[in-house]
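As given, the protein sequences belong to chains A and B, one line each in that order.
As numbered in our numbering, residues 198 to 561 make up the first sequence, in order.
As numbered in our numbering, residues -3 to 216 make up the second sequence, in order.
To start, the structure under review is shown below, and the notes come after it.
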Amino acid sequence: MVRLVVLWCPSLSTEGPRGEEPRGFAEVLDAAVELAPFARPVRLGVLAIPSRGPSRFFGGEAAFTEHLKGVVGPLLGGAGRVCVGAAEGLFAAVLAARASVLVAPGSTGSFLAPWSIATLRDPDLAAACQRLGLHTLGRFAGLEEARVLERFGLDAVRRHRVARGVDGELPGLRDYAALRRLDAVRCRDEPTEVQRGFFGERGGADVRAAAAVHRLEQRLGHGAVTVARLGGGRTPDDRAALVPWGSADAVSEGRDHVAPWPGRLPSPSPASIPSRPLHVALLDDHGRRVAVSATGLLSAVPARLEFEAGRPRVVAAHCGPWPMAERWWGVSRRRAHLQVLCDDGLAVLLRAERSRWWLSGIYD
Amino acid sequence: MFAPRSELPASTAALAMAIRPTSPASSRLLPVAAPLSSLLPDGALRRGGTVVVTGSPGWGATSLGLALLTAASTAGHWCAAVGLDDPGVVAMAELGVDLRRVVFVPRPRGAWAAATAELFEGVDVVLARPPARVAHTAARRLLARARDRAAVLVVLAEHRDDWPVPSELALEVTEAAWHANGRLVSRRAVVRAVGRGITGRPRYVSLWLPGAQGAVAVAS
């Protein structure tokens, strides 16, 4: 387990009616990050720092914790007490901060033993153990894991591991709701909902990108900067959308689009999708409009493709059509897609809908 | 290893600033997808540089520009697409772009250069399609900004002349032919690379752009 230094500010641990505590703790956190970049909040008023790096930098854990107290103390004014402790694992380190001790490396187990069973944050378990005469973590840790499992269940096994000092992450120790609020306070001038990176973590590059996007939004207006959203569907325009940066459904999972979807248009997909509907005319040899029949067949072989602007193209080949009859249960939508290859190398995806042809994509 | 010194930097942030310039040469390069690496002088995008991608409409210049973002985005670098009001998002996913790292400014409303300059502050690769021929001063300013921020500017243009200053690298799609078999399967494109980084004759590489599954591959 990682050895952690935990800093606890009792005066900032509970949110008062005026809501000043998150802001105050954010200042403490910013100061701690200046000293040790890996300082992370655990809950309101509590933050944890991996001990190894800063201890080497400041010449020992004791020197580092003294330095930390010296930096954080003035931020709290005269009123607040600063408690700092260190131990292996988050749970033991938080208790060490409560007792303001630096637990010697390797003696975390004996440090935990005298603490009350109530520190495991499970009232039912605590009551049952009290009745059994197991008042301390040490007595509870002395039980065999298999016995704990059959008597108390799986959740108690996790707490048992914490009590033994094998695991530091006690369920409920980290207050995620408070951390999100704290994030919002710390990033006041950033959008509160921002793109998450892999597994939701944010690195320095992500913060810089978010800041640049935020400045750009101030210049161009909200909604000018967008991110992609992928979903299910058959056609490229159904499967993807651009949504404003920061909107809740902006995170593209990168997984949905791999799932099979019957009737999906074959890949590769067009590299350009017109953002507004563009009408085109598809004509046969005699200049008559090509139509798609109810059975999904073309009325004639396409020979010419005319855009609203620009010169007409000669159709060299076509693939399809792929007819789709969708949403028969609601607003019925019938359409057919056709890939058209022009003689100059331009390839487009066309859509027949409401007895007209529309440009659905350009294979650019 | 480190002897204790009397004056420690005030904070780790100050320390980080002090050691910042000594970045290794490899961090000045951004990765590109393997099939494209033979087109680029270092086999990668050089930070602070410009790549101009041109080609006749429908010959795959857009696909080539988007394909330049693939490896950088999957490596965790942020990318942006400015002035592409019609990006084929599904095609980008098929090319292998990590869409979680891409922001789009589809319609910068006449401020594409300002938007691009702003994005250089936090984004590593900006793919921009200028609306028309770019003014010389605007291009110069963008180049300086990209160099200063160690970002890469990829310009999508129809003609080489639309970008008024010499670029490190110009990629041009010179030939394109689709293979169809009941559907459009793949496009074989020949890309010519010229630029300051390439000595001697221009390089020609033929690519599947895109290949059967939508990704780029080298065509033998």
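All C-beta atoms, glycine included, are put in the ideal place defined by N, C-alpha and C.
**OP:** Determine which residues share a DSSP beta bridge with P214 of chain A and list them.
**Re:** Per DSSP, none; premise fails for P214 of chain A.
Original post:
Is the CB-CB distance between D434 of chain A and G558 of chain A below 9 Å?
Top reply: In this structure, the beta-carbon distance from D434 of chain A to G558 of chain A falls below 9 Å.
Subject >> Residue-level contact to chain A via CB, H132 of chain B, 9 Å cutoff >> reply: So no, H132 of chain B is outside the interface.
Subject >> Cβ separation of V169 of chain B and L60 of chain B, assumed to be a contact under 8 Å, to the nearest whole Å >> reply: For V169 of chain B against L60 of chain B, the beta-carbon gap comes to about 6 Å, under 8 Å, which counts as contact.
**OP:** Would you mind telling me which residues of chain B sit closer than 9 Å to R436 of chain A, beta carbon to beta carbon, in chain order?
**Re:** V85, V86 and A89
Subject >> Collapsed DSSP secondary structure at G270 of chain A in the structure displayed >> reply: helix
**OP:** Anything in the segment 47 to 59 of chain B with a Cβ closer than 8 Å to a Cβ of chain A? List those residues in chain order, please.
**Re:** S52, P53, G54, W55, G56, A57, T58 and S59
**OP:** Determine, using beta carbons only, whether E168 of chain B comes closer than 9 Å to chain A.
**Re:** Under the Cβ distance rule, E168 of chain B does not count among the residues neighbouring chain A, no pair being separated by less than 9 Å.
Original post:
Would A213 of chain B count as contacting chain A if we go by Cβ distances under 9 Å?
Top reply: no
Subject >> Proximal residues to D364 of chain A (C-beta, below 6 Å), its chain only, five neighbours per side dropped >> reply: R358
Original post:
Is the shortest distance between the beta-carbon of D38 of chain B and the beta-carbons of chain A less than 9 Å?
Top reply: no
Subject >> CA-to-CA distance, R501 of chain A to P509 of chain A, given in whole angstroms >> reply: 7 Å
Subject >> is_contact[I559 of chain A, chain B] using C-beta, thresh 9 Å >> reply: yes
Subject >> Nearest candidate by alpha-carbon position, reference D292 of chain B, set B:D120, B:V161 and B:R125 >> reply: Here chain B has residues from -3 to 216 only, and residue 292 of chain B is not among them.
**OP:** For E154 of chain B, return the contacting residues in chain A, with the cut-off set at a CB-CB distance below 9 Å.
**Re:** Those within 9 Å of E154 of chain B in chain A number zero; the least Cβ separation is about 11 Å.
**OP:** Using a Cβ cut-off of 9 Å (strictly closer), state whether P162 of chain B contacts chain A.
**Re:** no
Subject >> Chain-ordered chain A contacts of R199 of chain B [CB-CB under 7 Å] >> reply: The contacting residues do not exist; R199 of chain B stays about 22 Å from chain A at best.
Subject >> CB contact check: R531 of chain A to chain B, cutoff 9 Å >> reply: no
**OP:** Classify T170 of chain B as helix, strand or coil using the three-state DSSP reduction.
**Re:** Under the three-state reduction of DSSP output, T170 of chain B falls in the strand class.
**OP:** Look at the Cβ atom of V202 of chain A, then the Cβ atom of G118 of chain B, and state whether they are nearer than 9 Å.
**Re:** no
**OP:** State the DSSP-derived secondary structure class of H264 of chain A, mapped to helix, strand or coil.
**Re:** In the three-state reduction of the DSSP assignment, H264 of chain A falls in the helix class, which pools H, G and I.
Original post:
Does DSSP put F396 of chain A in a helix, in a strand, or in coil?
Top reply: Note that F396 of chain A scores a pLDDT of 47, beneath 50, so its modelled location is shaky; the value from the coordinates is reported in the next line. Helix, per DSSP.
**OP:** Give the secondary structure of S313 of chain A by DSSP, where H, G and I count as helix, E and B as strand, and everything else as coil.
**Re:** strand
**OP:** Give the DSSP-derived three-state secondary structure of L462 of chain A in the structure shown.
**Re:** coil
Original post:
Does the beta-carbon of P459 of chain A have 16 or more other beta-carbons within 10 angstroms, so that it is buried, or is it exposed?
Top reply: exposed
**OP:** Taking 9 Å as the cut-off, decide whether the C-beta atoms of V487 of chain A and E505 of chain A are in contact.
**Re:** no
**OP:** Could you name each continuous alpha helix (DSSP H) segment of 4 residues or more that falls completely within the segment 46 to 102 of chain B, going from the start of the chain to the end?
**Re:** 57 to 63, 66 to 70 and 85 to 91
Subject >> Boundaries of the alpha helix (DSSP H) in which W108 of chain B is found, first to last residue >> reply: W108 of chain B: member of the alpha helix (DSSP H) spanning W108 to L115, first to last residue.
Original post:
How about I470 of chain A: is its C-beta nearer than 9 Å to some C-beta of chain B?
Top reply: Yes - at least one Cβ of chain B is within 9 Å of the one on I470 of chain A.
Original post:
Quick one: which chain A residues come within Cβ less than 8 Å of P31 of chain B?
Top reply: Result: empty, since nearest Cβ-Cβ is about 15 Å, beyond 8 Å.
Subject >> Nearest-angstrom Cα separation, counted from L370 of chain A out to F100 of chain B >> reply: Cα to Cα, F100 of chain B sits roughly 39 Å from L370 of chain A.
Subject >> R318 of chain A versus S7 of chain B: straight-line alpha-carbon distance, rounded >> reply: 37 Å
**OP:** Output yes or no for whether 9 Å exceeds the beta carbon distance between P238 of chain A and F261 of chain A.
**Re:** no
Original post:
Per DSSP, which one or two residues make a beta bridge with C539 of chain A?
Top reply: A:V512
Original post:
Looking only at DSSP bridge pairs, what is M198 of chain A linked to?
Top reply: Answer is none; M198 of chain A lacks a bridge partner.
Original post:
What does S202 of chain B reach in chain A if we use C-beta pairs closer than 7 Å?
Top reply: The contacting residues do not exist; S202 of chain B stays about 15 Å from chain A at best.
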